[in-house]
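K.L.:
Per our numbering, residue 506 is the first one in the sequence shown, and the count goes up by one each step. The beta-carbon is built from N, C-alpha and C at its ideal position, and this holds for glycine as well.
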Amino acid sequence: MTSGHVHATQDDPVVAGLSESVGGPVGARAGAHRWWTPVRVLLALTAVCFAVGMMQKGNCYANTWQNGNTRYSHMCYSDLPYLYTGRGFAELNWPYSDDEQVRNRYPEVMEYPVGISYWAWGTAWVTHWVSGSPDLTPRYQQPVNDLWSVDGVKQEVRTFVVVNALGLAALALLATWFLAGVNRRRPWDAAVFAVSPALALTGLVNWDLLAVAMVAGAMWAWAKDRPVLTGVLIGLGVATKLYPLFLLGGLLVICLRDRRGPDFLRVVLAGTGAWVLANVPALLTGPHEWQVFWSFNSDRGADLGSIWLVIQQAKDSPGHPFVFDAHTINLWSWLFFGAWCTGVFLLGMFAPRTPRFAQLGFLVLVGFLLVNKVYSPQYVLWLLPLAALARPRWRDQIVWQAGEIFYFASVWWYLGGYLDPGGGGDAGFYWLAIVVRMAAELYLVAIVARDVWRPEHDPVREPVFRQVTTTRSNAVAV
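1. How should tyrosine 645 be labelled, buried or exposed, when 16 other C-beta atoms within 10 angstroms of its C-beta is the threshold for buried?
2. For the candidate residues Val876, Val607 and Ala863, whose alpha-carbon lies nearest to that of alanine 895?
3. For glycine 563, count neighbouring C-beta atoms within 10 Å of its own C-beta (all shown protein chains included) and say buried if the count is 16 or more, exposed if not.
4. Taking only runs that begin and end inside the segment 607-677, name each unbroken alpha helix (DSSP H) of 4 or more residues, in chain order.
5. Which of helix, strand or coil does DSSP assign to histidine 510?
6. DSSP state of glycine 708, grouped into three classes?
7. Check whether the Cβ of alanine 674 lies closer than 8 Å to any heavy atom of the ligand GDP, and answer yes or no.
8. Suppose contacts are defined by Cβ-Cβ distances below 9 Å. Is arginine 592 in contact with proline 586 by that definition?
9. Looking only at its own chain, which residues have a Cβ that is under 7 Å from the Cβ of leucine 715, when we skip the five neighbours before and after it?
10. Out of Gly722, Gly776, Val687 and Arg955, which one is the CA nearest neighbour of proline 857?
11. By the DSSP assignment, the alpha helix (DSSP H) with leucine 750 in it spans what residues?
12. Rounded to the nearest angstrom, what separates alanine 728 and valine 904 at their Cα positions?
13. Less than 8 Å between C-beta atoms, sequence neighbours within five positions excluded: which residues of the same chain meet that for tryptophan 653?
14. Excluding sequence positions up to five away, which residues of its chain have a Cβ less than 7 Å from the Cβ of alanine 699?
15. In terms of residue numbering, what span does the alpha helix (DSSP H) encompassing threonine 551 cover?
16. Return yes when the Cβ of aspartate 584 is within less than 9 Å of the Cβ of asparagine 711, no when it is not.
17. Just to confirm, are phenylalanine 842 and valine 876 a CB contact at a threshold of 9 Å?
18. Under the assumption that tyrosine 577 contacts glycine 848 (Cβ atoms under 8 Å), give the Cβ distance between them as a whole number of angstroms.
19. Under the rule that 16 or more other beta-carbon atoms within 10 Å means buried, what is arginine 691, buried or exposed?
20. Closest to tryptophan 725 by CA distance: which of Phe751, Ala685, Arg764 and Asp713 is it?
21. Just tell me which of Ser803, Leu937 and Ala819 has its CA closest to the CA of valine 879.
22. Residues in the same chain with beta-carbon distance under 6 Å from tryptophan 917, minus the five sequence neighbours each way, listed in chain order, please.
23. Report yes or no: do three or more beta-carbon pairs, one from the segment 766-776 and one from the segment 732-739, lie closer than 8 Å?
24. Please state whether the Cβ-Cβ distance between leucine 753 and valine 720 is less than 9 Å.
25. Does the Cβ of histidine 832 have 16 or more other Cβ atoms within 10 Å, making it buried, or fewer, making it exposed?
26. Let me know if glycine 928 comes out buried or exposed under the rule of 16 or more other beta-carbons within 10 Å of its beta-carbon.
27. Output the distance between the C-alpha atoms of arginine 966 and isoleucine 834, rounded to the nearest integer angstrom.
28. Please state the DSSP three-state secondary structure of glycine 928.
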């Protein structure tokens, strides 16, 4: 430990082993650098990691995501360029406009919660400003599918991606700062997030980092004993992606065990207020368009990455197609998730010590993702900040993220049709990738659940338990 911090080279066996190539773990007499504090180092690592992710998208950027093969073969796909033209942002349309002409021209409404829609609309305005506020009149005369051919639009698409990349990079830095501040003694736990290959590969697939930053902020606010701010950040997170809502289950366990009922009430009330205020502009301007997110997710069937797709494709046969209807998937998904949450609740309530927020949040969220109707490649970002603090051990993180990266590669190979030459058809290999990803998640679930049930295995609490054990041993010896 140096300067009051638990250093990774002294705490983590994998990092300690790797440090041997540069002189070994930090010594007891090592001095702290005046400027390169742990947080600044972590921010620098995050910036490098995200820059690598931007470079990885370079082949798609060069051809403005117009080459269908490149986006899959180079695994550089992103939703951003297609939604810029497909949802009206190239013409600066408000995403919740109920204007008849706008909806006739753009019948497909943004299928995301309001936070993402507001962000995309705002960055579209920045894109137009940076591009010199081009005249939109020629675009109105072209079909939406032909907008890419209008002068200047392709360059705007690239600019839109760059503007968003810079904004999302700032959010990644903010998330790292939050995570490093959750436990003052252990800022280096945030390195799992800062240098994650999952962050580099998936950070620009969609706008999920908006919610990730909110979740990291909520964990920071709770650690600082600020329940109202915790609730506000969770509420804004839910207004961006639904999943931060499930973090309330973990807070409920903590508040019941520690008799902090008023704090839980503050979190819920602040979160509800923040969510309502965030949704008001969309509700007032386009209530029907606002409902699209909810109906879209309720009505969709088995989609990419889900166990439901594996079962559906496995049972499918020529002439007898098998399709899970949305109602069946919804019913069984919520039944499984309800049972999973009950298990996490019981584990948390009967554990020897009150579990940590990150541990419970991670366990609950994995249950949701295991049976969700879709698992887009960037959903790994949802788990990343929670996993980093729930189990700050590089061996376990490498096992889990290896499964996620294997799935990331496989989904693009599957969509690009590159798995057929390997024999056995592309679907079979893709099923394997889904199962491997789920097995990797369950592996980390088992480790975290073990840490909750037997806190002496928890790396965050291990020094405390070791000190208590030593003290008791000495007392017995005396």
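P.N.:
According to the structure data:
1. Position 140 of the sequence shown, counting from 1, holds the residue named residue 645. Per the 10 Å Cβ criterion, exposed.
2. Looking up residue 895 in the sequence shown gives position 390. Distances from the CA of alanine 895 to each of Val876, Val607 and Ala863 were compared; the closest alpha carbon is that of Ala863.
3. Counting from one through the sequence shown, the residue named residue 563 turns up at place 58. With a threshold of 16 other beta carbon atoms within 10 Å, glycine 563 falls short and is exposed.
4. Whole alpha helix (DSSP H) segments, 4+ residues: 619-635 and 642-645.
5. Here residue 510 corresponds to residue number 5 of the sequence shown, with the count starting at 1. In this structure, histidine 510 counts as strand in the three-state DSSP scheme.
6. Here residue 708 refers to the residue found at position 203 when the sequence shown is read from its first residue. Here glycine 708 sits in coil by DSSP.
7. Ligands in the displayed structure: none, and consequently the ligand GDP is not present.
8. In the sequence shown, counting from the first residue as 1, residue 592 sits at position 87. In the sequence shown, counting from the first residue as 1, residue 586 sits at position 81. No, these two residues do not count as a Cβ contact at 9 Å.
9. Translated into positions along the sequence shown, residue 715 becomes position 210. So the qualifying residues of the chain are Gly620, Ile621, Trp624, Leu676 and Thr745.
10. The residue given as residue 857 occupies position 352 in the sequence shown. Considering only alpha carbons, the answer is Arg955.
11. One-based indexing of the sequence shown puts residue 750 at position 245. Element bounds for leucine 750: n/a, residue is neither H nor E.
12. The count along the sequence shown starts at 1 and reaches residue 728 at position 223. The count along the sequence shown starts at 1 and reaches residue 904 at position 399. In a straight line, the C-alpha of alanine 728 is about 28 Å away from that of valine 904.
13. Position 148 of the sequence shown holds residue 653. Counting only Cβ-Cβ distances below 8 Å, and skipping sequence neighbours, we find Thr569, Gln571, Thr590, Lys659 and Val662.
14. The residue you call residue 699 lines up with position 194 of the sequence shown. The residues Leu547, Leu550, Thr551, Cys554 and Thr681, in chain order, have a CB closer than 7 Å to that of alanine 699 in the same chain once the five nearest residues on each side in sequence are set aside.
15. Working through the sequence shown from its first residue, we reach residue 551 at position 46. The continuous alpha helix (DSSP H) containing threonine 551 extends over residues 543-561.
16. Taking the first residue of the sequence shown as 1, we reach residue 711 at position 206. Taking the first residue of the sequence shown as 1, we reach residue 584 at position 79. In contact: asparagine 711 and aspartate 584 (Cβ atoms closer than 9 Å).
17. The residue labelled residue 842 in the question sits at position 337 within the sequence shown. The residue labelled residue 876 in the question sits at position 371 within the sequence shown. Taking 9 Å as the Cβ cut-off, phenylalanine 842 and valine 876 qualify as a contacting pair.
18. As a working mapping, residue 577 is identified with position 72 in the sequence shown. As a working mapping, residue 848 is identified with position 343 in the sequence shown. That pair is no contact at about 38 Å.
19. As a position in the sequence shown, residue 691 is number 186, starting the count at 1. With a 10 Å radius around the Cβ and a threshold of 16 neighbouring Cβ atoms, arginine 691 comes out buried.
20. The residue given as residue 725 occupies position 220 in the sequence shown. Nearest option by C-alpha distance: Ala685.
21. Within the sequence shown, numbered from 1, the residue matching residue 879 stands at position 374. The residue with the shortest Cα to Cα distance from valine 879 is Ser803.
22. As a position in the sequence shown, residue 917 is number 412, starting the count at 1. Scanning its chain for C-beta atoms nearer than 6 Å, with the 5 sequence neighbours on each side dropped, one finds around tryptophan 917 the residues Tyr577 and Met580, in chain order.
23. Contact holds: three or more Cβ-Cβ distances are below 8 Å.
24. Numbered from 1 along the sequence shown, position 248 holds the residue referred to as residue 753. Numbered from 1 along the sequence shown, position 215 holds the residue referred to as residue 720. The Cβ atoms of leucine 753 and valine 720 lie no closer than 9 Å to each other.
25. Residue mapping note: residue 832 aligns to position 327 of the sequence shown, counting from 1. Burial check for histidine 832: the Cβ neighbour count within 10 Å stays below 16, so the residue is exposed.
26. Start at 1 with the first residue of the sequence shown, and residue 928 comes out as number 423. The pLDDT assigned to glycine 928 is 49, lower than 50, so where the model puts this residue is not dependable; a value taken from the coordinates is nonetheless given after this. Classification for glycine 928: exposed.
27. Stepping through the sequence shown from its first residue, residue 966 is reached at position 461. Stepping through the sequence shown from its first residue, residue 834 is reached at position 329. In this structure, the straight-line span from the alpha carbon of arginine 966 to that of isoleucine 834 is close to 40 Å.
28. Locating residue 928 in the sequence shown gives position 423, where the first residue counts as 1. With a pLDDT of only 49 at glycine 928, under 50, the local geometry of the prediction cannot be trusted, and the value read off the model is given with reservation. Glycine 928 sits in coil when the DSSP states are folded into three classes, being neither helix nor strand.
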